[in-house]
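The opening position of the sequence shown corresponds to residue 55 in my numbering, with each subsequent residue numbered one higher.
Every residue gets a Cβ at the ideal spot worked out from N, C-alpha and C, and that includes glycine.
None of these values were measured; they are calculated from a predicted model.
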Amino acid sequence: MEIMISAIFVCLFLLIFSLILFHAFYKQQLRKKEEQIHTLKESVTDLQIKLKDKEKRKAFRVKLFEQECHFELLESGNQPLGNLKNKKGAGQINDISRTGLQISCTLDLPVRKQIFLQIYFVIDGEPFSLKGRVVRKEELINHVIYGIEFVDLHQKDQQKLHRLIQRLEIERKKNAE
């Protein structure tokens, strides 16, 4: 009888020990899988950021020569613009894409403040009034170049802009031939 009880205890001990080993092994495997998932999530996030940057860069740009534009300062993120609020200016559009444009002007804006502009221009008889955010500034000797990203662009304006850019590029290619 004692041998039988001892055998049962040994079997129970081995069973519990096996379960503990089994649990520890799978817990370690689960930890490895969670680390892999975390690494993959970081990779996906990095790739999404790179893709977004590529998409911005891939937005087809059309060079414009001496294309006049006017703009008005609307707001500056969370910081007050002070005497710059509603200030108007004029410049020239260097290039344009469906996501933004580049302008040259003599007005020096403090780009550390998130500045929003209303930009007015007419290309091929089509008037545009688009809201943009200054995302880049390059100071030259007698003028400043700003990179402006369109914001809150209505679907109608997006389509109109896209058609215009396509038409301008087709005309450029015809003239180049």
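Taking only three categories from DSSP, how would you classify residue i?
i: Gln156; result: strand
i: Asp149; result: strand
i: Arg115; result: coil
i: Gln121; result: strand
i: Val205; result: coil
i: Gln168; result: coil
So residue i and residue j are in contact, right, with Cβ under 8 Å, and what is the actual spacing, rounded?
i: Gly179; j: Cys159; result: Going by Cβ atoms, the distance from Gly179 to Cys159 rounds to 23 Å, so no, they are not a contact pair.
i: Leu127; j: Lys117; result: About 26 Å separates the two Cβ atoms, so there is no contact after all.
i: Leu184; j: Phe204; result: 6 Å
Identify the continuous beta strand (DSSP E) that holds residue i and give its terminal residues.
i: Leu163; result: No beta strand (DSSP E) holds Leu163; DSSP gives it neither H nor E.
i: Lys141; result: No beta strand (DSSP E) contains Lys141, which DSSP labels as neither H nor E.
i: Leu194; result: Looking at the DSSP string, Leu194 is not in any beta strand (DSSP E), and its letter there is neither H nor E.
Would you list the one or two residues that DSSP bridges to residue i?
i: Ser60; result: None; Ser60 has no bridge partner.
i: Phe71; result: According to DSSP, Phe71 bridges with nothing at all.
i: Tyr174; result: His124 and Ser183
i: Val188; result: Ile202
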